[in-house]
Amino acid sequence: MMTPVLFDPTTAVNLKKESLKESLEEKRFKEACKGFEAMFINEMLKAMRKTIPKSGLLDGGLRQEIYESMFDEKVSEALSERGALGIADMLYNAFAPRVINKGEQ
200 MMTPVLFDPT TAVNLKKESL KESLEEKRFK EACKGFEAMF INEMLKAMRK TIPKSGLLDG
260 GLRQEIYESM FDEKVSEALS ERGALGIADM LYNAFAPRVI NKGEQ
């Protein structure tokens, strides 16, 4: 008489694959939320920069615009990585249940 198998090894493999897939989806969604926060901060910095009068410290023109654009982009990425405004966390908490579980339906 054979004893029933209490643990099926293929079940463990399938569970591990599913958890890796879910963690990959979560990671991708978190990165998308951080990217959105960075874009939002970048737009906010551009709008704020328009309100500042030109100082004459730099020569202005295209070079200054490129420098300011690159600077704003890096600042917005750094602030987003730190979670300075918390927009990415709010988006993730609000939409993760809908977005991540969408593939299971």
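In this text, residue positions in the sequence shown follow this note's numbering: the first is 200, and each later residue adds one.
Yeah, the Cβ is synthetic: ideal placement off N, Cα and C, and Gly gets one too.
Quick caveat: nothing in here was measured; it's all calculated off a predicted structure.
The three-state secondary structure of S268, taken from DSSP, is helix.
If you draw a straight line from the Cα of L256 to the Cα of K229, it is about 39 Å long. Taking all protein chains shown into account, S222 has fewer than 16 neighbouring C-beta atoms within 10 Å of its C-beta and is therefore exposed. Between the alpha carbons of S275 and G234 lies a gap of roughly 10 Å. Residues of the same chain with their beta carbon placed closer than 7 Å to that of A231 are lacking, with the five preceding and five following residues left out of the count. Between A237 and S268, the CB-CB gap reaches or exceeds 8 Å. Distance from I240 to L284 at the Cβ level is roughly 7 Å; contact confirmed, criterion being Cβ atoms closer than 8 Å.
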